[in-house]
Amino acid sequence: MMGDRGRTGSAARTVSGHTIPGNPGCQRRALPCGARGVTTSAMPTRLLDPTDERVPLERARAPRPRELQGPIGLLDIAKPRGDVFLARLEERLRERFPSIEVLRFRKPTFTKPAPEDLRLEIARSCAAVIEALAD
């Protein structure tokens, strides 16, 4: 296997006469926000924002509650099989926290942000919310 530099300056590898872009030392893994990215052990975790920002904004993670109490909202963003994923997540939450109240919400479409009235309803009725998608 021989390495060379591609036009973007990232390392590439050659396998059976074909050049494969990317760093062979990198590995794919899920990022905390659910996005996928390429990281190495030397790279810090990066949160990716899918919006079109010409200059990326630095954003901090939302603080995690120390314990789950109060109603927990599960927001289905209307992607295929998101309801299946959230049903399993709700089962796991109820197994681990039997007295927890779980409220389910669903966006009308995954192609647009949640409507203002839905966001307000979630904010008024939930101590924390888990937003999830699946394909």
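Under my numbering, the first residue of the sequence shown carries the number -9, and numbering increases by one thereafter.
For each residue, glycine too, the CB sits at the ideal point set by N, CA and C.
In this structure, what does DSSP give as the bridge partners for residue i?
i, result
"Leu93", "Gly63"
"Ala122", "Asp66"
Taking a contact to mean a Cβ-Cβ separation below 8 Å, would you say residue i touches residue j in this structure?
i, j, result
"Leu123", "Gly63", "no"
"Leu38", "Ile90", "no"
"Val92", "Glu111", "no"
In angstroms, rounded to a whole number, what distance separates the CA positions of residue i and residue j?
i, j, result
"Arg51", "Lys69", "23 Å"
"Phe87", "Arg44", "42 Å"
"Phe100", "Thr41", "14 Å"
"Pro53", "Val74", "27 Å"
"Lys102", "Arg49", "21 Å"
"Glu85", "Ser115", "22 Å"
"Ala104", "Arg78", "23 Å"
"Leu106", "Pro98", "Checking the displayed sequence, the identity of residue 106 turns out to be Glu instead of Leu. Cα to Cα, Glu106 sits roughly 12 Å from Pro98."
"Gly60", "Arg109", "17 Å"
Under 6 Å Cβ to Cβ from residue i, same chain only, skipping five residues before and after it: list those, please.
i, result
"Ile120", "Leu64"
"Asp66", "Gly72, Asp73, Leu76 and Arg96"
"Arg94", "Leu64"
Can you give me the Cβ contacts of residue i inside the same chain, cut-off strictly under 8 Å, excluding the 5 residues immediately before and after it?
i, result
"Leu83", "Leu58, Ile62, Ile90 and Val92"
"Pro55", "Ala117 and Ala118"
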